[in-house]
Amino acid sequence: MKGKKNAGGLFGLLARQYLLFTLALLAIAAAVFALWMLYTARIYQAPDWDCLLADPALAEGRWDTLRRHLTPGSGFAVYDGDGALVFSVGEGFDERVEPGALACVPAWSEGVQIDSYELSGGEARYLVVAHTPDGAGGEATRTAVLDENYRVMLGGLEEGRTAYTPEEYRYLTGARFENSFTARATISGPGAQPLTLLLRETYPTDAQFTQTLRSSVWVAALFLPLYLAAAGLFIWRLRRRIARPLEALNAAVDAQSRGEDLRVGDCGGPREIRRIGESFDQFAARLAKSEAERKRLDEGRQKLIADISHDIKTPVTVICGAADALCDGKVPKEERDRTLRMIQQKAADLARLTDAFHEYSKTQHPRFELHTRRVDVCEFLRAWLAARYDEIDLAGFSLEPAIPEAPAYCMVDELQLRRALDNLLTNALRHNRLGTLLFVEAEPGPQKVTVRIADNGEGIPLERRKTIFEPFVTGSDARTGAGSGLGLAITRRILEKHGGSIRLNEKPAPGRATEFVLTLPLAEE
Numbered sequence: 001m002k003g004k005k006n007a008g009g010l011f012g013l014l015a016r017q018y019l020l021f022t023l024a025l026l027a028i029a030a031a032v033f034a035l036w037m038l039y040t041a042r043i044y045q046a047p048d049w050d051c052l053l054a055d056p057a058l059a060e061g062r063w064d065t066l067r068r069h070l071t072p073g074s075g076f077a078v079y080d081g082d083g084a085l086v087f088s089v090g091e092g093f094d095e096r097v098e099p100g101a102l103a104c105v106p107a108w109s110e111g112v113q114i115d116s117y118e119l120s121g122g123e124a125r126y127l128v129v130a131h132t133p134d135g136a137g138g139e140a141t142r143t144a145v146l147d148e149n150y151r152v153m154l155g156g157l158e159e160g161r162t163a164y165t166p167e168e169y170r171y172l173t174g175a176r177f178e179n180s181f182t183a184r185a186t187i188s189g190p191g192a193q194p195l196t197l198l199l200r201e202t203y204p205t206d207a208q209f210t211q212t213l214r215s216s217v218w219v220a221a222l223f224l225p226l227y228l229a230a231a232g233l234f235i236w237r238l239r240r241r242i243a244r245p246l247e248a249l250n251a252a253v254d255a256q257s258r259g260e261d262l263r264v265g266d267c268g269g270p271r272e273i274r275r276i277g278e279s280f281d282q283f284a285a286r287l288a289k290s291e292a293e294r295k296r297l298d299e300g301r302q303k304l305i306a307d308i309s310h311d312i313k314t315p316v317t318v319i320c321g322a323a324d325a326l327c328d329g330k331v332p333k334e335e336r337d338r339t340l341r342m343i344q345q346k347a348a349d350l351a352r353l354t355d356a357f358h359e360y361s362k363t364q365h366p367r368f369e370l371h372t373r374r375v376d377v378c379e380f381l382r383a384w385l386a387a388r389y390d391e392i393d394l395a396g397f398s399l400e401p402a403i404p405e406a407p408a409y410c411m412v413d414e415l416q417l418r419r420a421l422d423n424l425l426t427n428a429l430r431h432n433r434l435g436t437l438l439f440v441e442a443e444p445g446p447q448k449v450t451v452r453i454a455d456n457g458e459g460i461p462l463e464r465r466k467t468i469f470e471p472f473v474t475g476s477d478a479r480t481g482a483g484s485g486l487g488l489a490i491t492r493r494i495l496e497k498h499g500g501s502i503r504l505n506e507k508p509a510p511g512r513a514t515e516f517v518l519t520l521p522l523a524e525e
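Note that the sequence shown covers residues 1 to 525 in the UniProt record's numbering.
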């Protein structure tokens, strides 16, 4: 079966489909997760402060062009040395801020993070913690405890700092802008004017975060239809690879049950199903061959019955007719002896036919067995020819034997082999004219002995050569009662039971009209 020979087995197909389905599910899950991440990224998008601070437009005063570095909810403001607002992007920046308050905002370049807590216990107390990276992967922590008037009671964030104004405290802790991160940077404006850049980015509130998560449920809901679509696709693929070949097998089986000769052919699918298809086709071919053989045997059986009836009917009819004539006194006295001899001859012919039918039925019986022994076939042939020589000579035939002196041993049933050879010799004597030359040759080989029995007589008609070994086939069209047509069928059966064969040589040696080639296997040493 071409085209799909490289297809794997059923287990390999299921394993591959399972792995592909698993990879598809992982890909779907990854895609849904990526889509969910993109959707929820709207909650908070950090501005690129480093790019903004490195942009040349900052020093050139083209501050409006810096909007491209911002994200929704972020902004910045530019203050001069007196704390006056020069430029801002975003809402909520103060028009004027004390320079001391701006100085309390953590510097962006230092990476300081300020955490503040209001302590409980009667009077207002504030804990401020500053986290500063130490450059080695750790951080240095400084703390300060402030009273209700923002005076330093314990610790300190700066050397010599003892108190903060309310404004300074709000800018220090980020409380000035609710739910936001602030940082400052010192820049040089146009004309090398020192300016303070206040950076602000707003974090989403808990309510905004919760609302965004709730609205992203539809993204997760995409997994179910995508899963069902992938499952349907792989089920279709499996059905196409398995169900369709099985349907082809089922159609072939149904056709066979209806007596139709339908083959599976290249049904495709896994290796196991293709093997079933191949086995089914082989079985169907054997079944068709068996059916043809059965029909041939039935036809042969019917022909056998018809031929037997024909061959028996002729002598029986003659005997009955002559006997009735004798009984009715219709035969003259001078014709009675001739009529009795005719009855005797037809009775003898009928006896020969009966004997032939008996021998044929014995050889065709399943229990037909040989009684073999180790025999030198060359010596056997010489003894057989010596016994039949007088008959050959009296018939006006000549004999040209070619049998080697070297022994060639075979396991032979002498009685049956002699009967087979007698049938060949009798046919040669019966169907050829006087003066015909007979040839009997033996040729031992490494594994078998080949025996040739031939003559230079009339030959066998071409239309009968293919069926010459069938029952009731004779060498001529006329069925005169001279032969039953069973001799060669019996001979073939005997040779086959010996493990040998017999055939009619289509191209006999020059000077020969008919040549039968017999083979017998050599006996083991």
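Idealized CB from N, CA, C, for every residue including glycine. Everything numeric in this text was worked out from a predicted model, so none of it was measured.
Kindly indicate which residue of the options has the alpha-carbon position closest to the one of residue i.
{"i": "residue 324", "options": "425, 312 and 340", "result": "340"}
{"i": "residue 582", "options": "330, 233 and 424", "result": "Residue coverage of the chain in this structure runs from 1 to 525, which leaves residue 582 outside it and unanswerable."}
{"i": "residue 74", "options": "183, 345, 379 and 156", "result": "183"}
{"i": "residue 488", "options": "232, 470 and 193", "result": "470"}
{"i": "residue 229", "options": "25, 178 and 375", "result": "25"}
{"i": "residue 137", "options": "69, 126 and 111", "result": "111"}
{"i": "residue 408", "options": "127, 519 and 305", "result": "519"}
{"i": "residue 190", "options": "155, 80, 312 and 458", "result": "80"}
{"i": "residue 460", "options": "422, 513, 139 and 296", "result": "513"}
{"i": "residue 117", "options": "356, 150, 343 and 387", "result": "150"}
{"i": "residue 31", "options": "430, 84 and 226", "result": "226"}
{"i": "residue 464", "options": "504, 410 and 282", "result": "504"}
{"i": "residue 216", "options": "17, 457 and 35", "result": "35"}
{"i": "residue 374", "options": "281, 522 and 429", "result": "522"}
Would you grab the beta carbon distance between residue i and residue j for me? Rounded to a whole angstrom, and I think it's under 8 Å.
{"i": "residue 86", "j": "residue 97", "result": "About 12 Å; that fails the 8 Å criterion."}
{"i": "residue 562", "j": "residue 383", "result": "The question about residue 562 has no answer, for the chain in this structure spans 1 to 525."}
{"i": "residue 284", "j": "residue 261", "result": "7 Å"}
{"i": "residue 315", "j": "residue 349", "result": "5 Å"}
{"i": "residue 130", "j": "residue 157", "result": "5 Å"}
{"i": "residue 270", "j": "residue 241", "result": "7 Å"}
{"i": "residue 363", "j": "residue 494", "result": "6 Å"}
{"i": "residue 76", "j": "residue 198", "result": "6 Å"}
{"i": "residue 440", "j": "residue 385", "result": "6 Å"}
{"i": "residue 45", "j": "residue 72", "result": "7 Å"}
{"i": "residue 360", "j": "residue 490", "result": "6 Å"}
{"i": "residue 43", "j": "residue 209", "result": "6 Å"}
{"i": "residue 106", "j": "residue 83", "result": "About 18 Å separates the two Cβ atoms, so there is no contact after all."}
{"i": "residue 144", "j": "residue 155", "result": "4 Å"}
{"i": "residue 391", "j": "residue 432", "result": "Contact flag wrong, Cβ pair sits at about 14 Å."}
With a threshold of 6 Å on Cβ separation, who are the neighbours of residue i within its own chain once the five nearest residues in sequence on each side are excluded?
{"i": "residue 393", "result": "none"}
{"i": "residue 273", "result": "245"}
{"i": "residue 115", "result": "129"}
{"i": "residue 162", "result": "152"}
{"i": "residue 147", "result": "153"}
{"i": "residue 507", "result": "none"}
{"i": "residue 52", "result": "66 and 69"}
{"i": "residue 48", "result": "69"}
Using C-beta distances below 7 Å, list every residue in its chain close to residue i, excluding the 5 sequence neighbours before and after it, in chain order.
{"i": "residue 65", "result": "57"}
{"i": "residue 180", "result": "174, 200, 201, 202 and 203"}
{"i": "residue 186", "result": "194 and 196"}
{"i": "residue 478", "result": "Below a pLDDT of 50, predicted positions are generally treated as unreliable, and residue 478, at 43, falls in that range; the measurement from the model is reported next regardless. Nothing listed; no residue qualifies."}
{"i": "residue 13", "result": "241 and 270"}
{"i": "residue 322", "result": "339, 342 and 343"}
{"i": "residue 510", "result": "none"}
Who are the Cβ neighbours of residue i in its own chain at under 8 Å, not counting the five residues just before and after it?
{"i": "residue 141", "result": "129, 130, 131 and 132"}
{"i": "residue 347", "result": "315 and 319"}
{"i": "residue 89", "result": "63, 64, 66, 67, 70, 75, 76 and 77"}
{"i": "residue 205", "result": "179"}
Any heavy atom of the ligand ZN inside 8 Å of the beta-carbon of residue i?
{"i": "residue 287", "result": "Absence of the ligand ZN from the depicted structure is noted, as is the absence of any ligand whatsoever, leaving it without description."}
Check: So does the stretch 391-403 actually touch the stretch 430-445, counting three or more Cβ pairs closer than 8 Å?
Finding: yes
Margin query: I'd like the ranges of any alpha helix (DSSP H) spanning at least 4 consecutive residues and lying wholly in the stretch 437-520.
Written below: 462-465 and 487-497
Next item on the list: Decide if the stretch 29-46 is in contact with the stretch 153-167; the criterion is three or more beta carbon pairs, one per stretch, under 8 Å apart.
Entry: no
Note to self: Pairs of beta-carbons, one from the stretch 492-512 and one from the stretch 440-455, closer than 8 Å: are there three or more?
What the structure shows: yes
Margin query: My parser needs the beta strand (DSSP E) runs of 3 or more residues fully inside the stretch 355-433; what are they?
Written below: 373-376, 398-402 and 409-412
Notebook entry, point to check: Does the stretch 219-229 come close enough to the stretch 238-252 to have 3 or more Cβ pairs within less than 8 Å?
Noted result: no
Notebook entry, point to check: Between the stretch 371-386 and the stretch 410-425, are three or more C-beta pairs nearer than 8 Å?
Noted result: yes
Next item on the list: Write down every uninterrupted run of the alpha helix (DSSP H) in the stretch 157-225 whose length is 4 residues or greater and which is fully enclosed by it, in chain order.
Entry: 166-173, 206-215 and 217-221
Next item on the list: Could you pull out every unbroken alpha helix (DSSP H) segment of at least 4 residues lying fully inside the stretch 80-123, listed in chain order?
Entry: 99-104
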